[in-house]
Amino acid sequence: MKLALISLSTPTFNNVRAASALPYHLILGAKGFWDVKIDIYSYNINSIDNKTIKQVESKLGVKIHLLEKPRWISWMMILHMMFLRVLLKYPLYNYCKLPQQCINAIRASNPNIIWIYGEELAGLAKHFQGSNCIVTMPDCESLYYYRMLRQPWATLKLQQIMKYSFVYWQYKSMERHFCKNDITYHFVGKADAEFFKMMNPQAKTLFLRHPLYAYKNKEIKFHQPRIKLLFTGRYDFYCQHGSDDLLSTLEKSNTSLSPYYEITFLGKGWEKWNDRLINTGYLSQHIPFAPDYIAELQKHDIQVNAIDIGTGTKGKVLDGIANGLLIIGTSYAMENIAVETNKSCVIYKNNTQLVSVLQEIPHQIARYEAIAVEGRKCVLAAHDREKVSKKLFGFFS
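Take 1 as the starting number for the sequence shown in full-length UniProt numbering and just add one per residue.
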């Protein structure tokens with residue numbers, strides 16, 4: 001089998017400066033059961049150096065061809081003039097073009113599948129009419145901004161409303177423009193696929209579970225005398241609002257929770273909350289970066305994810321479940337992951353409910369350890385990367 005992948009970013013195992021490591025792991029999955037030759041055409045917007053590119057080529061058994069972004073995009077970035085995006089009808093990277101020599105080379109190689117990664121590049125499929133073409137979106141960006149516009153906390157100011165409305169219009173216009181009925185649009189979010197289909201009825205959409213990146217087996221047994229509670233990922237816009245509300249509640253519940261829990265923040269930006277929890281009597285630490293993320297992850301028992309906006313699949317949540325942690329989170333955090341509340345994870349609706357669960361866990365440890373065991377079992381079965389790759393590329397094999 002031959003694949004030609006066109007991507008904004010260069011695939012890496014650990015998602016270096018890119019939206020996702022999804023292409024890397026789908027390629028690994030495909031290599032697990034097919035003899036497949038893959039040429040990757042990358043705009044390298046994640047600025048991977050030549051040495052690392054060679055390592056990726058060797059590890060995946062692929063050839064990476066670097067493409068140039070339009071010079072005006074590079075100059076906009078250098079001169080800090082990104083505000084000029086408001087003059088564009090479509091999102092910025094939609095204006096990346098594929099050189100004719102690359103189009104000719106791809107056609108000449110006669111691949112079984114043209115695989116495009118990234119919604120902004122979906123329009124490049126027009127160069128390969130009559131070929132088997134898959135666009136891994138992987139999320140529906142217009143759905144993200146549609147959801148943002150429904151959040152009371154995200155629409156308090158007119159400036160916010162104008163910003164999200166404009167970007168929603170950009171993505172919706174782009175999706176309407178590039179959508180064709182002979183291309184498969186692949187999503188890792190069920191609601192993403194449904195929303196895209198609703199907006200573009202002619203579209204052929206495909207929802208598949210997000211593949212696992214990495215996991216190691218571990219015995220699921222909560223630490224004593226204090227259970228180790230973990231917050232992961234960067235303290236950023238996606239989780240800031242929900243985390244602030246949650247951690248404020250933990251602050252106020254310190255007398256009932258601090259004797260039973262030790263808290264770790266793994267990721268950048270949590271300094272303020274780490275200090276505040278220490279000042280209210282919790283044992284707490286902040287680790288901005290862990291060289292071995294999985295090893296650090298598995299030192300803990302419970303992962304809390306207070307994500308209150310987003311689309312697609314949350315990779316940090318998936319990693320936590322697969323690596324033996326009990327995951328407690330919002331419905332957005334668990335979205336598109338093959339788990340069920342109180343059976344293989346715990347989904348909370350408000351902070352009062354979460355505190356109640358945290359108060360209960362130390363007195364029902366065996367029950368919650370069993371939920372973590374079931375969560376890992378479900379995720380390892382449903383999110384296996386070879387299984388996902390086979391479903392994706394098996395359409396045309």
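The beta carbon of each residue, even a glycine, is placed where N, CA and C say it ideally should be.
Computed from a prediction, not measured in an experiment: that's the story for all the values here.
Best match in the options for proximity to residue i [C-alpha to C-alpha]
i, options, result
"Val36", "Tyr43, Ser42, Ile27", "Ile27"
"Asn50", "Thr10, Tyr144, Ile78, Ala19", "Thr10"
"Thr232", "Phe207, Phe222, Thr155, Leu325", "Leu325"
"Ser243", "Arg107, Lys216, Pro138, Gln303", "Gln303"
"Glu369", "Glu386, Ala382, Met334, Ile328", "Ile328"
"Gly320", "Tyr238, Lys390, Asn110, Tyr215", "Tyr215"
"Gly130", "Gly394, Asp182, Ser356", "Asp182"
"Ser20", "Ala30, Gly29, Leu8", "Leu8"
"Gly123", "Tyr95, Lys299, Tyr144", "Tyr95"
"Gln298", "Met334, Asp192, Lys218", "Lys218"
"Leu266", "Ser256, Ser253, Pro291", "Pro291"
"Tyr117", "Tyr168, Arg85, Ile45", "Ile45"
"Gly269", "Leu250, Asn279, Val317, Tyr238", "Tyr238"
"Ile103", "His80, Leu79, Leu67, Val86", "Leu67"
"Gln224", "Met1, Val357, Ile365, Arg276", "Ile365"
"Lys377", "Glu386, Gly394, Leu318", "Leu318"
"Arg385", "Phe33, Tyr146, Lys2, Tyr168", "Phe33"
"Val339", "Ala295, Ala382, Val388", "Ala382"
"Lys387", "Val167, Ala30, Gln100, Leu98", "Ala30"
"Ser356", "Lys390, Leu250, Gly394, Phe395", "Leu250"
"Lys252", "Lys272, Leu229, Arg276, Thr264", "Arg276"
"Lys63", "Arg85, Pro201, Lys390, Ile6", "Ile6"
"Gln202", "Lys2, Lys180, Ala295, Ala193", "Lys180"
"Leu212", "Lys126, Ser389, Lys69", "Ser389"
"Asn14", "Val86, Ala105, Tyr293", "Tyr293"
"Val86", "Tyr43, Lys126, Ile38, Tyr168", "Tyr168"
"Ala4", "Leu22, Ile38, Pro23, Thr12", "Ile38"
Neighbour-count burial assignment, residue i, 16 or more Cβ in a 10 Å radius
i, result
"Phe289", "exposed"
"Ser58", "exposed"
"Ala322", "buried"
"Ser344", "buried"
"Arg367", "exposed"
"Gly61", "exposed"
"Asn274", "buried"
"Ser284", "buried"
"Arg17", "exposed"
"Leu195", "According to the sequence displayed, residue 195 carries Phe and not Leu. Phe195 should be labelled buried."
"Thr255", "exposed"
"Leu79", "exposed"
"Gly281", "exposed"
"Phe178", "buried"
"Ser248", "exposed"
"Ala306", "buried"
"Met334", "buried"
"Pro99", "exposed"
"Ala295", "exposed"
Anticipated Cβ contact below 8 Å, residue i with residue j, distance rounded
i, j, result
"Asp301", "Tyr332", "Going by Cβ atoms, the distance from Asp301 to Tyr332 rounds to 23 Å, so no, they are not a contact pair."
"Val373", "Ile220", "5 Å"
"Asn336", "Gly315", "Not a contact, Cβ separation roughly 11 Å."
"Leu392", "Ile134", "7 Å"
"Tyr41", "His65", "5 Å"
Cutoff 8 Å; reference residue i; Cβ partners in own chain excluding five residues on either side
i, result
"Met199", "Ser142, Lys172, Glu175, Arg176"
"Ile371", "Leu326, Asn342, Lys343, Ser344, Cys345, Val346"
"Gln170", "Leu88, Lys89, Tyr90, Pro91"
Cutoff 7 Å; reference residue i; Cβ partners in own chain excluding five residues on either side
i, result
"Glu119", "Met137, Glu141"
"Ser165", "Leu149"
"His241", "Trp153, Asp308"
"Ser47", "Arg17"
"Leu245", "For the record, residue 245 in the displayed sequence is Asp; it is not Leu. Cβ neighbours of Asp245 beyond the five flanking positions: Asn351."
Close beta carbons around residue i, own chain, < 6 Å, minus the five adjacent residues each side
i, result
"Phe128", "Ile114"
"Gly310", "Tyr238, Tyr332"
"Tyr235", "Gly269, Trp270"
"Gly375", "Ile321, Val339, Ser344, Cys345"
Check whether the region 48-65 touches the region 347-359, taking contact to mean three or more Cβ pairs, one atom from each stretch, closer than 8 Å. Because the criterion of three Cβ pairs below 8 Å is not met, the region 48-65 and the region 347-359 do not touch.
Touch test, the region 252-263 against the region 354-368, Cβ-Cβ under 8 Å, three pairs minimum: A contact exists between the region 252-263 and the region 354-368.
Pairs of beta-carbons, one from the region 74-91 and one from the region 145-154, closer than 8 Å: are there three or more? Verdict: no, contact absent.
Is it the case that the region 179-198 contacts the region 206-213, given that we only count it when at least three CB pairs across the two stretches are under 8 Å? Yes, since at least three Cβ pairs between the region 206-213 and the region 179-198 fall closer than 8 Å, the two stretches touch.
Quick one: any contact between the region 104-115 and the region 151-167, if contact means 3 or more CB pairs under 8 Å? Between the region 104-115 and the region 151-167, the count of C-beta pairs closer than 8 Å stays below three; the two stretches do not touch.
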